[in-house]
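Peer 1: I'd like to ask you about the structure that follows.
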Amino acid sequence: MNDRELSPIIRLRAIMARLRDPDTGCEWDREQTFETIAPYTIEEAYEVADACSRGDLGDLKDELGDLLLQVIFHSQIAEERGKFTFDDVANAISEKMERRHPHIFGNAEEGGHHLWEIIKAQERAKKSDAGALSGVALGLPALLRAEKLQKRAARVGFDWPDAAGPRAKIDEELEEVSTASDATRAEEVGDLLFAVVNWARHLGVDAEAALRSANGKFERRFVAMEKAAGGSIAGLNLSDQEELWLAAKRQERGE
Numbered sequence: 004m005n006d007r008e009l010s011p012i013i014r015l016r017a018i019m020a021r022l023r024d025p026d027t028g029c030e031w032d033r034e035q036t037f038e039t040i041a042p043y044t045i046e047e048a049y050e051v052a053d054a055c056s057r058g059d060l061g062d063l064k065d066e067l068g069d070l071l072l073q074v075i076f077h078s079q080i081a082e083e084r085g086k087f088t089f090d091d092v093a094n095a096i097s098e099k100m101e102r103r104h105p106h107i108f109g110n111a112e113e114g115g116h117h118l119w120e121i122i123k124a125q126e127r128a129k130k131s132d133a134g135a136l137s138g139v140a141l142g143l144p145a146l147l148r149a150e151k152l153q154k155r156a157a158r159v160g161f162d163w164p165d166a167a168g169p170r171a172k173i174d175e176e177l178e179e180v181s182t183a184s185d186a187t188r189a190e191e192v193g194d195l196l197f198a199v200v201n202w203a204r205h206l207g208v209d210a211e212a213a214l215r216s217a218n219g220k221f222e223r224r225f226v227a228m229e230k231a232a233g234g235s236i237a238g239l240n241l242s243d244q245e246e247l248w249l250a251a252k253r254q255e256r257g258e
């Protein structure tokens, strides 16, 4: 049986095992560790999200394949170290999904997101480091991690009662940034960003998604400015640049 006659997942696992072969494998693949591969894993997850946001299903198929390869890669390294295999990973997530959907796979009468969160909290409580903030991954984007930390704290009552509190905190943090010394300015800016995320959370806004959208809007308008200027705005004064920016905004809005 050749590789193409194998099931797709077995074929992919065989390819990765061959790439990691200590004698005949690829030099780059053999040298990788969990730590060196992790940044690629994060990058591939973002490329999946990008394909989704663009509605490009062809790219989505390719990017999901790249992300799946990351799971295979980590699992292969773990298997070589005698820790776990890809099958262990697949079985673990299957068991978790069944455990967290007792209304589907068990005898619970009702389900929903609230039940999922309750079960997650119960699972965390069984761990030795079961503080309210335990398990919030360090590798998350900073805005997303800030929101998750705030939500965890809110579950145990450490939260503003409404959006007025975090809104006032933003004014306080702005003042502290403006009066900060060079040595403390970065810290104060961090506090300001944390406060903005908190306000967004109270307004029901996903701060990470909102900033991603703002990035995309800025990029579109800046590219439009460059096109209108004949390829570059580098030689234009600030007033001319501002006019091009406003024109790009009007064009995007269909005005």
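Residues in the sequence shown are numbered consecutively from 4, following this note's numbering. For each residue, glycine too, the CB sits at the ideal point set by N, CA and C. Please read all numbers here as calculations on a predicted model, not as lab measurements.
#1: Cα separation between residue 16 and residue 75?
#2: Could you check if residue 125 is buried or exposed, using at least 16 other CB atoms within 10 Å of its CB as the buried criterion?
#3: Using the three-state DSSP reduction, which class does residue 42 fall into: helix, strand or coil?
#4: From this set, 48, 171 and 245, which residue's C-alpha is nearest residue 224's C-alpha?
#5: Could you give the first and the last residue of the continuous alpha helix (DSSP H) run that contains residue 113?
#6: Quick one: Cα of residue 72 to Cα of residue 45, how far?
#7: Can you give the beta carbon distance from residue 228 to residue 213, rounded, assuming they're within the 8 Å contact cut?
#8: Is residue 119 buried or exposed, if buried means 16 or more other CB atoms sit within 10 Å of its CB?
#9: Would you be able to state if there are at least three C-beta pairs under 8 Å between the segment 161-169 and the segment 233-240?
#10: Taking the alpha carbon of residue 67 as the reference point, which residue from 54, 33 and 114 has its own alpha carbon closest?
#11: Compute the Euclidean distance between the alpha carbons of residue 136 and residue 154, then round it to the nearest angstrom.
#12: How long is the line joining the alpha carbons of residue 327 and residue 202, rounded to whole angstroms?
#13: Measuring only the C-alpha atoms, how far is residue 177 from residue 122?
#14: Report the three-state DSSP secondary structure of residue 53 (helix, strand or coil).
#15: Once DSSP output is grouped into helix, strand and coil, what is the label at residue 23?
#16: Within 10 angstroms of the Cβ of residue 197, are there 16 or more other Cβ atoms? Answer buried if so, exposed if not.
#17: Which two residues bound the contiguous alpha helix (DSSP H) that contains residue 108?
#18: Is DSSP giving residue 91 helix, strand or coil here?
Peer 2: Taking the coordinates as given:
#1: Taking the sequence shown and counting its residues from 1, one reaches residue 16 at position 13. Taking the sequence shown and counting its residues from 1, one reaches residue 75 at position 72. Those two C-alpha atoms are separated by around 6 Å.
#2: Locating residue 125 in the sequence shown gives position 122, counting from the first residue. It is exposed - the Cβ of residue 125 has fewer than 16 other Cβ atoms within 10 Å.
#3: Translated into the one-based positions of the sequence shown, residue 42 becomes position 39. Reduced to three states, the DSSP call for residue 42 is helix.
#4: On the sequence shown, position 221 is the one that residue 224 refers to. It is 245.
#5: Locating residue 113 in the sequence shown gives position 110, counting from the first residue. Element bounds for residue 113: n/a, residue is neither H nor E.
#6: Start at 1 with the first residue of the sequence shown, and residue 72 comes out as number 69. Start at 1 with the first residue of the sequence shown, and residue 45 comes out as number 42. About 12 Å.
#7: Along the sequence shown, one-based indexing puts residue 228 at 225. Along the sequence shown, one-based indexing puts residue 213 at 210. Not quite, the Cβ-Cβ distance comes to about 23 Å (not below 8 Å), so this is no contact.
#8: Mapped onto the sequence shown, residue 119 falls at position 116. Counting Cβ neighbours within 10 Å, residue 119 comes out exposed, since fewer than 16 surround it.
#9: no
#10: Residue mapping note: residue 67 aligns to position 64 of the sequence shown, counting from 1. Measuring from the Cα of residue 67, the nearest candidate turns out to be 54.
#11: Locating residue 136 in the sequence shown gives position 133, counting from the first residue. Locating residue 154 in the sequence shown gives position 151, counting from the first residue. The straight-line gap from Cα to Cα measures roughly 9 Å.
#12: Residue 327 lies beyond the residue range present for the chain, which begins at 4 and ends at 258; the question has no answer from this structure.
#13: Counted from its first residue, the sequence shown places residue 177 at position 174. Counted from its first residue, the sequence shown places residue 122 at position 119. The straight-line gap from Cα to Cα measures roughly 39 Å.
#14: Here residue 53 refers to the residue found at position 50 when the sequence shown is read from its first residue. Of the three classes helix, strand and coil, the one that applies to residue 53 here is helix, per DSSP.
#15: By one-based count along the sequence shown, residue 23 stands at place 20. Coil at residue 23, not helix or strand.
#16: The count along the sequence shown starts at 1 and reaches residue 197 at position 194. So residue 197 ends up on the buried side.
#17: As a first step, residue 108 must be located in the sequence shown, where it is residue number 105. That run of the alpha helix (DSSP H) goes 105-108.
#18: For the purposes of this step, residue 91 is identified with residue 88 of the sequence shown, where counting begins at 1. Note: residue 91 maps to helix in three-state DSSP.
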